[in-house]
Amino acid sequence: MPEWHAEQALKKYWDGKLPVRLGPMLSGFDIDYYFVDLDCPGCIVVGGGRCIMLIDRDLPARARRFRAAHELGHWIMHRSTICGGCQLGVAEEYEASEFAAALLVPRGVVVRWLWLYKAGLERQRDLAAACAVGVQVADIRMEDFIF
Ligand SMILES: [Zn+2]
7 MPEWHAEQAL
17 KKYWDGKLPV
27 RLGPMLSGFD
37 IDYYFVDLDC
47 PGCIVVGGGR
57 CIMLIDRDLP
67 ARARRFRAAH
77 ELGHWIMHRS
87 TICGGCQLGV
97 AEEYEASEFA
107 AALLVPRGVV
117 VRWLWLYKAG
127 LERQRDLAAA
137 CAVGVQVADI
147 RMEDFIF
């Protein structure tokens, strides 16, 4: 399901270039976002029908991107449970991270990448660089499509 939601968001707001730009996507979803000092990596505040995303400004750039995509996943998939600071469960956290990985490293890109790079340890690193995500994220995405 997270993969499907990510594909829908990409269809609507992605220009097909890498790295996937989150700014236009967040604007498309009518989400205001700010980089601020936080005690946690990021969170969503909902009020008056508006969504405000807060991301810890001290995170490295790639981690900030991942966190923003993760929070967007919560907004899309768990909106009804985000209210008044309720804590989400482990399953929701996992889904949001799965969404983030699928959004930042789109399915089509991974498939093409695996086709181009038949083998070699650099492929994860290069995919991570192209998509501006951590190597671990690229690695997980590749594993999703290798069998
Ligand atoms: Zn979360």
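Going letter by letter, the sequence shown gives residues 7 to 153 in the numbering used here.
Every residue gets a Cβ at the ideal spot worked out from N, C-alpha and C, and that includes glycine.
Just so you know, these numbers come straight off a predicted model, no measurement behind them.
Proximity test, residue i beta-carbon vs ligand 3 heavy atom, cut-off 7 Å
i	result
Ser33	Among the ligands modelled here, namely ligand 1, ligand 3 does not occur.
Same chain, Cβ closer than 7 Å to residue i, neighbours up to 5 away in sequence not counted
i	result
Gly91	Low confidence applies here, because Gly91 scores a pLDDT of 48, under 50, leaving its location unreliable; read the following figure in that light. Once the five neighbours on either side are set aside, Gly91 has no close Cβ partner at all.
Ala134	Gly140, Val141, Val143, Ala144
Phe151	Val116, Val117, Leu120
6 Å Cβ shell around residue i - same chain, five flanking residues per side excluded
i	result
Ala20	Before going on, a small fix: residue 20 reads as Trp here, not Ala. Answer for Trp20: Val26, listed in chain order.
Ala74	Leu28, Ile61
Glu9	Ala108
Sequence-distant residues of the same chain with beta carbon closer than 8 Å to residue i, five excluded per side
i	result
Ala69	Pro47, Gly140
Glu98	His80, Met83, His84, Thr87
Arg56	Asp36, Asp38
Ile58	Ile37, Asp38, Tyr39, Tyr40, Ile50, Val51, Val52
Q) Which residues have their C-beta within less than 5 Å of a heavy atom of ligand 1, listed in chain order? A) Glu99, Ala102
(Q) My parser needs the beta strand (DSSP E) runs of 3 or more residues fully inside the segment 43–73; what are they? (A) Here the runs fully enclosed are 48–53, 56–62.
Q: Would you check if there are 3 or more beta carbon pairs closer than 8 Å linking the segment 126–143 to the segment 96–116?
A: yes
(Q) Check whether the segment 10–19 and the segment 40–52 touch, using three or more Cβ-Cβ pairs below 8 Å as the test. (A) No contact exists between the segment 10–19 and the segment 40–52.
Q: Please list the segments of the beta strand (DSSP E) lying wholly inside the segment 11–43, counting only runs of 3 or more residues, in order along the chain.
A: Those beta strand (DSSP E) runs which fall completely within the segment 11–43 and span 3+ residues are 37–42.
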